[in-house]
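Line order of the protein sequences matches chains A and B. Each step along the first sequence adds one to the number in the numbering used here, with nothing skipped, and position 64 is 88. Each step along the second sequence adds one to the number in the numbering used here, with nothing skipped, and position 101 is 109. We treat Cβ as the ideally placed atom computed from N, Cα and C, and that holds for glycine. See below for the structure under consideration.
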Amino acid sequence: MRWLLRNIPEPLLYHPWEMLIAGLCLLSGIPLALGAPSPSSMNRFLSPFVVQWWGGTLGLGGSAIVVGLVLAYVRPRVATVAWRIERAGLALLGSASLVYGVAIATVAGWPGVLPAATYSMFAAACMIRAVVLQATARGIKRDE
Amino acid sequence: MNDQIVSVVVGTVLSGGLGAAIYQIANARAELRRVRIEEHKAGPEAESILLGGAERAVASLQAALDRAEYSITRLEQLLEKREKRVAELERELDSAKSRLGVVQSRLADFDQRISGLEEEEK
């Protein structure tokens, strides 16, 4: 157990949810942006161009969150910059997951309520994290 | 028509996200510039040096603690082995003592018999 704790990188150790979900979005978003087959609910809901745009948003958001989280630990001096990058990623990922949630709810109807709610909650979590980061950065600036 | 409306709405939401992201990135650049200027002006701050030093000290302390823990475990194992060996030696000593007691009693018997024989010869 101790070996595991010592060897997991700090960003992953302290932000496992954010890191892993952002990593997943990065891995799934980039192929979508490049034209890989997208979820059927999105295909029925949106035009191919908007689906690609959505994939790009997902990939960019995921990568920005990962970069922001890692940067905050690698270079603590520029933590406020890292938080800005993370907030950029949260804005992208939040909007992308909101769109996906609405798409599932619209296409699948009642059976799609659970996945739609999951993605909507994810969008809400992105917003809350962004607000917390903003408040933290403001607190630091006030202290300075 | 409906599809077009949906695409426009979704595009608006995604654009909103993209706009917010661009705003944050632009601010991040400004923030980075500000941090660099401050670093350049102030040089390495004592606080960061102290924090870095403390971090390194904590890390080396942690490593030393790990090493000490490992040594303690090894010494404990060694001590256990020694204790077992001492217990074995004690058992061997006890059996040797009892054997010695038997030999002594036989020796005493022999002594008696020898003295008896000597008296008979006389």
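Answer yes or no: does any C-beta atom of chain B fall closer than 8 Å to that of residue i?
i	result
A/L58	no
A/E111	Going by the sequence as given, residue 111 of chain A is Arg instead of Glu. Taking Cβ atoms only, chain B reaches closer than 8 Å to A/R111, which makes this a yes.
A/A132	no
A/S144	no
A/T160	no
A/A96	no
A/V91	no
A/R153	no
A/V156	no
A/V137	no
A/A141	no
A/A88	yes
With distance defined between alpha-carbon atoms, name the residue in the options nearest to residue i.
i	options	result
A/Y97	A/L37, A/Y143 and A/P61	A/L37
B/A29	A/G79, A/G163 and A/G113	A/G113
A/A103	B/R42, B/Q70, B/E91 and B/L73	B/R42
A/F169	A/P135, A/V94, A/P100 and A/A115	Nothing in the structure corresponds to residue 169 of chain A, since chain A is present only between 25 and 168.
A/I89	A/G118, A/P63, A/P61 and A/S65	A/G118
A/P55	A/R101, A/M25, A/C150 and A/L84	A/L84
A/G47	A/P100, A/G86 and A/V155	A/G86
A/F69	B/A65, B/V14, B/S68 and B/E63	B/V14
B/V21	A/I45, A/P40 and A/V74	A/V74
B/E47	A/R101, A/G163 and A/L95	A/R101
A/M151	B/A95, B/I80 and B/G24	B/G24
Using a Cβ-Cβ cut-off of 8 Å, state whether residue i counts as contacting chain A.
i	result
B/L26	yes
B/S15	yes
B/A72	no
B/L40	yes
B/V66	no
B/G19	yes
B/V111	no
B/I33	yes
B/L22	yes
B/V94	no
B/A62	no
B/A36	yes
B/A29	yes
For residue i, which residues in the same chain have their Cβ closer than 6 Å to its Cβ, ignoring the five residues on either side in sequence?
i	result
A/P72	none
A/Q76	A57
A/L82	C49, G53 and A120
A/G80	A57
A/Y143	S121, Y124 and G125
If I measure Cβ to Cβ from residue i and keep anything under 7 Å in the same chain, skipping five residues before and after, which residues do I get?
i	result
A/L157	W107, E110 and R111
A/M43	P35, L36, V90 and L93
A/G65	Rather than Gly, the amino acid found at residue 65 of chain A in this sequence is Ser. Only A127, I128, V131 and A132 meet the Cβ criterion.
A/V123	W78
B/L97	none
A/V137	A129
For residue i, I'd like the list of residues in its chain whose CB is within less than 8 Å of its CB, leaving aside the five on either flank, ordered along the chain.
i	result
A/P139	G125, I128 and A132
Does any residue of chain D have a CB that is nearer than 8 Å to the CB of residue i?
i	result
B/Q85	You won't find chain D in this structure, because its protein chains are A and B.
Discussion item. Residues of the segment 57-86 of chain A in Cβ contact with chain B at a cutoff of 7 Å, in chain order, please.
Written reply: Near chain B, meaning a CB-to-CB distance below 7 Å, the residues of the segment 57-86 of chain A are F69, L70, S71, V74, W77, W78 and T81.
Discussion item. Counting only Cβ-Cβ distances shorter than 9 Å, please list the residues of the segment 113-132 of chain A near chain B, keeping chain order.
Written reply: Shown in chain order are the members of the segment 113-132 of chain A whose Cβ falls below 9 Å from a Cβ of chain B: G113, L114, A115, L116, L117, G118, S119, A120, L122, V123, V126, A127 and T130.
Worksheet item: Which residues, in chain order, does the segment 37-55 of chain A contribute to contact with chain B at a C-beta distance below 8 Å?
Response: Interface annotation for the segment 37-55 of chain A against chain B: empty, criterion Cβ-Cβ distance under 8 Å.
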